[in-house]
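Going by my numbering, the sequence shown wraps up at 56, each residue one higher than the last. Structure record follows, encoded as structure tokens.
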Amino acid sequence: MNNITKIIIAGSVWLIWTLIAEKSNLSGWKYWAGFSIASLATIALFNG
Numbered sequence: 009m010n011n012i013t014k015i016i017i018a019g020s021v022w023l024i025w026t027l028i029a030e031k032s033n034l035s036g037w038k039y040w041a042g043f044s045i046a047s048l049a050t051i052a053l054f055n056g
């Protein structure tokens with residue numbers, strides 16, 4: 009995969025998570041846990 013594809017995938021993951029969090033009205037640790045997972049996934053994607 010090239011970097012543009014990775015950026016699009018990472019952006020989609022972040023966008024989807026933000027929408028889910030808004031719709032589910034997640035708060036506190038659940039919200040931040042999701043962001044942490046998204047961050048790790050993004051880092052793994054770029055290093056992979």
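Where is the CB? At the ideal position from N, CA and C, for every residue including glycine.
Test item: CB-CB of residue i and residue j under 7 Å
i	j	result
V21	A41	no
K14	L53	yes
T50	A29	no
Residue i versus residue j - alpha carbon distance
i	j	result
S35	F43	12 Å
T32	I16	Position check: residue 32 holds Ser in this sequence, whereas Thr was assumed. The alpha-carbon atoms of S32 and I16 are separated by roughly 24 Å.
N55	L27	26 Å
N11	K38	29 Å
I24	M9	21 Å
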